[in-house]
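A.B. asks: Note that the sequence shown ends on residue 197 in our numbering; no numbers are left out. Backbone N, C-alpha and C define an ideal beta-carbon position, used for all residues, glycine too. These numbers were taken from a predicted model, which means no experiment stands behind them. Quick one: the structure is below, questions incoming.
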Amino acid sequence: MKKRTFFLALAFLAVAVAVIAIPAFRFQTDLERVSSYRIQIEHAAKGEGLPPSLLAALVFAESRGHFDAVSSVEAFGLCQLLPSTAAEIAERLGLSPQADGGWSTSDNLQMGAHYLARVTRPYADDPEAVALGLLCYRLGPGATARAIQDEGGAAVWLKGLRQNKQSVWPYVDQVLHMQTVFAAHWSDS
Numbered sequence: 009m010k011k012r013t014f015f016l017a018l019a020f021l022a023v024a025v026a027v028i029a030i031p032a033f034r035f036q037t038d039l040e041r042v043s044s045y046r047i048q049i050e051h052a053a054k055g056e057g058l059p060p061s062l063l064a065a066l067v068f069a070e071s072r073g074h075f076d077a078v079s080s081v082e083a084f085g086l087c088q089l090l091p092s093t094a095a096e097i098a099e100r101l102g103l104s105p106q107a108d109g110g111w112s113t114s115d116n117l118q119m120g121a122h123y124l125a126r127v128t129r130p131y132a133d134d135p136e137a138v139a140l141g142l143l144c145y146r147l148g149p150g151a152t153a154r155a156i157q158d159e160g161g162a163a164v165w166l167k168g169l170r171q172n173k174q175s176v177w178p179y180v181d182q183v184l185h186m187q188t189v190f191a192a193h194w195s196d197s
């Protein structure tokens, strides 16, 4: 009986260690993968007046640093841009796709930074500007503006999102949390 109890305890301990260690390993791997683009992220972010840690956090949330990520709605790259959004931004920035029709990692980061800065700008005077910009990035600026209007203002809408854990708010929380992680990790050069 003692032997059986020992092996059950050992098995339980092994499972507990795996449950804790695997997510921590994945997190560290994802953090390192995003950090491998640090120079490109810093260049793109600074070009749009964004903190590099914010763009890095967005990349973490959107693609976990997988440059070849493609979502179920065909959003692609580190910044997970929809093809129509990428085409519009590329035209505005004078960027051209590569010979294979795709975009370079640097271009994807530049387009993502430009888009985030652009959708955040209308809320510049709001203390929640970054959160509102992230919501625009995730939901689209039109959907965000309609939700704000329907709810009677940004503050009311944001309060409702924070209370509803099934909403898009966990995305915003993740990006804001990861921004602090990258700022500390990179000393926000």
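Taking Y179 as the reference, which of H193, G109, R72 has the closest Cα?
C.D. replies: R72
A.B. asks: State the DSSP-derived secondary structure class of L66, mapped to helix, strand or coil.
C.D. replies: Helix at L66.
A.B. asks: The alpha helix (DSSP H) that contains G55, what's its start and end?
C.D. replies: 46-55
A.B. asks: Might you give, ordered along the chain, the residues of its own chain that have their beta carbon closer than 7 Å to the beta carbon of H122, omitting 5 neighbours on each side?
C.D. replies: E56, I97, L101
A.B. asks: Cβ of I142 within 8 Å of Cβ of V183?
C.D. replies: It should be pointed out that residue 142 corresponds to Leu in this sequence rather than to Ile. Yes, Cβ-Cβ distance for L142 and V183 is below 8 Å.
A.B. asks: For L169, which residues from the same chain have a beta carbon less than 6 Å from its beta carbon, with the 5 sequence-adjacent residues on both sides left out?
C.D. replies: S175, W177
A.B. asks: Check whether the region 86-95 and the region 150-170 touch, using three or more Cβ-Cβ pairs below 8 Å as the test.
C.D. replies: no
A.B. asks: Within the same chain, show all residues whose beta-carbon is closer than 7 Å to that of L166, passing over the 5 residues directly before and after it, in chain order.
C.D. replies: E136, A139
A.B. asks: With H, G and I counted as helix, E and B as strand and the rest as coil, what does DSSP make of L86?
C.D. replies: coil
A.B. asks: Distance check for A65 and D108, CA to CA, integer angstroms please.
C.D. replies: About 28 Å.
A.B. asks: Indicate the three-state DSSP secondary structure (helix, strand or coil) for V78 in the structure shown.
C.D. replies: DSSP, read as helix, strand or coil, puts V78 in strand.
A.B. asks: Looking at V81: is its Cβ nearer than 8 Å to the Cβ of L90?
C.D. replies: yes
A.B. asks: Classify S175 as helix, strand or coil using the three-state DSSP reduction.
C.D. replies: Looking at S175 - three-state DSSP - the assignment turns out to be coil, as it is neither helix nor strand.
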